[in-house]
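Shown next, in structure tokens, is the structure this report addresses.
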Amino acid sequence: MKKIISIIIAATMLFALAGCGKDAANNSSNNQGAADGKKIIVMGTNAEFPPFEYREGEKVVGFDVEIAKKIAEKLGAELQIEDMTFGGLIPALEAGKIDFIAAGMSITEERKKNVDFSNGYYKASQVIITLKDNTEINGPEDLENKTIGVQLGTTGDEEAQKIQGAEIIQFNAGYAAIMDLQNDKLDAVVLDYEPARNFASQNDKIQILPVELTQEEYAIAVRKGNQELVDAINTVLEEMKESGEYDKLVEEYFSKE
């Protein structure tokens with residue numbers, strides 16, 4: 000009798016432990032399962048932000064995508080990626096259309112009013128991009144009364160709005176701002192450093208000025224109150240760093256430019 004009770008208790012404990020890892024996935028905005036019976040967890044992103052997220056053919060790939068895959072694996076779920084404008088990400092999260100945002104999103108006090116953030120996973124900054132033959136703009140003080148391109152809804156957008164007399168032109172994608180800069184429609188672009196470096200490595204007409212407008216940190220955003228998913232994401236980030244997998248991804252995505 001004792002042996003039978005012990006088996007029942009052990010089986011119950013095993014079931015409970017298995018369930019803990021999947022609870023966050025069960026809170027997914029997408030109630031449908033994958034073909035193999037797994038739950039689906041939906042990542043929202045803007046795939047115009049290399050090397051964090053970008054398209055290779057029809058696939059969305061990048062540094063953030065690799066982290067998202069590990070989150071899905073941890074939760075026993077299948078990852079689904081929804082690509083949208085950066086400005087639409089938080090509204091989509093609040094509406095339950097996506098489960099988390101992995102999009103090079105910086106932690107800000109304003110965003111904290113609407114979402115909960117994981118621990119930070121990448122240090123970031125905003126920089127100024129100009130044409131190489133532009134000798135008028137050498138720093139932030141030279142941006143007054145200039146025409147500046149930004150990606151809509153980003154911290155670069157917020158920072159540029161503070162510049163006195165500047166005309167701010169908002170784009171849904173950073174590369175679109177770079178195109179207008181090349182075509183002499185803008186005086187400068189304010190953008191996150193890593194995407195800026197990516198664009199500059201492919202275009203010998205532009206340069207990044209050696210000054211940082213901000214110091215920031217990227218994190219993964221989830222709906223307010225979903226502490227279980229925040230905890231799961233933080234566990235994944237910690238495990239990736241402890242195992243050396245995080246450093247390998249940094250080497251792969253940021254050291255080849």
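Residue numbers (numbering that gives the first Met the number 0): 0 to 256. Note that CB positions come from ideal geometry on N, CA and C, so glycine has one too.
Beta-ladder partner(s) of residue i, from DSSP
i: residue 214; result: In DSSP, residue 214 forms no bridge with anything.
i: residue 48; result: 52
i: residue 206; result: 129
i: residue 150; result: 170
i: residue 222; result: 114
i: residue 123; result: 215
i: residue 58; result: 55
i: residue 190; result: 126
i: residue 43; result: 81 and 100
Three-way DSSP call (helix, strand, coil) for residue i in this model
i: residue 85; result: helix
i: residue 135; result: coil
i: residue 16; result: Low confidence applies here, because residue 16 scores a pLDDT of 35, under 50, leaving its location unreliable and the question unanswered by this model.
i: residue 165; result: coil
i: residue 105; result: strand
i: residue 73; result: helix
i: residue 98; result: coil
i: residue 236; result: helix
i: residue 185; result: coil
i: residue 9; result: With a pLDDT of only 40 at residue 9, under the threshold of 50, the placement of this residue in the model should not be trusted; the figure read from the coordinates follows. Three-state DSSP puts residue 9 in a helix.
i: residue 155; result: helix
i: residue 250; result: helix
i: residue 21; result: Note that residue 21 has pLDDT 44, beneath the 50 cutoff, so the model's placement of it is unreliable and no number is given.
i: residue 68; result: helix
i: residue 143; result: coil
Cα-Cα separation, residue i to residue j
i: residue 138; j: residue 65; result: 35 Å
i: residue 253; j: residue 120; result: 14 Å
i: residue 146; j: residue 140; result: 14 Å
i: residue 170; j: residue 46; result: 14 Å
i: residue 96; j: residue 41; result: 8 Å
i: residue 196; j: residue 207; result: 7 Å
i: residue 109; j: residue 229; result: 18 Å
i: residue 89; j: residue 113; result: 8 Å
i: residue 78; j: residue 39; result: 6 Å
i: residue 158; j: residue 61; result: 26 Å
i: residue 194; j: residue 160; result: 20 Å
i: residue 136; j: residue 184; result: 15 Å
i: residue 165; j: residue 176; result: 15 Å
i: residue 63; j: residue 245; result: 11 Å
i: residue 225; j: residue 94; result: 14 Å
i: residue 92; j: residue 134; result: 43 Å
i: residue 216; j: residue 234; result: 18 Å
i: residue 203; j: residue 118; result: 36 Å
i: residue 214; j: residue 56; result: 33 Å
i: residue 205; j: residue 156; result: 20 Å
Rounded distance between the beta-carbons of residue j and residue i, thought under 8 Å
i: residue 123; j: residue 44; result: That belief does not hold up - the Cβ atoms of residue 123 and residue 44 are roughly 16 Å apart, past 8 Å.
i: residue 212; j: residue 130; result: Going by Cβ atoms, the distance from residue 212 to residue 130 rounds to 18 Å, so no, they are not a contact pair.
i: residue 221; j: residue 115; result: 5 Å
i: residue 127; j: residue 189; result: 6 Å
i: residue 143; j: residue 162; result: 6 Å
i: residue 218; j: residue 80; result: The Cβ separation is near 18 Å, so there is no contact.
Problem set entry | At least 3 beta-carbon pairs within less than 8 Å: the stretch 73 to 80 vs the stretch 224 to 243 | Three or more beta-carbon pairs drawn from the stretch 73 to 80 and the stretch 224 to 243 are found closer than 8 Å, and the two stretches are therefore classed as touching.
Problem set entry | Validate contact between the stretch 46 to 60 and the stretch 93 to 109 using beta carbons, cut 8 Å, 3 pairs | Three or more pairs of CB atoms, one per stretch, sit closer than 8 Å, so the stretch 46 to 60 contacts the stretch 93 to 109.
Exercise. So, do the stretch 146 to 156 and the stretch 85 to 93 have three or more beta carbon pairs nearer to each other than 8 Å?
Worked result: Put simply, the stretch 146 to 156 touches the stretch 85 to 93. At least three CB pairs are less than 8 Å apart.
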